[in-house]
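If you're matching positions, the sequence shown starts at 10 in my numbering and goes up one per residue.
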Amino acid sequence: MLTSAADFARAQLELGRIRSKRTELTEKLRLDHNDMQGLRRVAALDRYERYFLTKRRRASASFEAGHKERQSLKARLQEK
Numbered sequence: 010m011l012t013s014a015a016d017f018a019r020a021q022l023e024l025g026r027i028r029s030k031r032t033e034l035t036e037k038l039r040l041d042h043n044d045m046q047g048l049r050r051v052a053a054l055d056r057y058e059r060y061f062l063t064k065r066r067r068a069s070a071s072f073e074a075g076h077k078e079r080q081s082l083k084a085r086l087q088e089k
């Protein structure tokens, strides 16, 4: 369960870093000059962001599953 929480936190920090970098690149992007390299970098950051959104979602689901399992076990032990 702690691993899931740590994975979630790491993904969240990385998402913040990605979004900051994308904002920085977007502000520098010169749309009037066909800046293909800049556009490719922004697209790469979008893919990287989706990857970490998936990691965060999976960590959250794993954390939630562990929490539900603990609650279920606790309820069964109290019944006895």
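Think of the CB as a built atom: it goes at the ideal place given N, C-alpha and C, for glycine as much as any other residue.
Query: Contact check, residue 68 vs residue 13, beta carbons under 8 Å; Result: yes
Query: Buried or exposed by the 16-neighbour rule on C-beta atoms within 10 Å, applied to residue 20; Result: buried
Query: Opening and closing residue of the alpha helix (DSSP H) in which residue 39 lies; Result: Careful: residue 39 lies outside any alpha helix (DSSP H) and carries neither H nor E.
Query: Residue-level contact to chain C via CB, residue 60, 8 Å cutoff; Result: The structure shown contains no chain C, having only a single protein chain.
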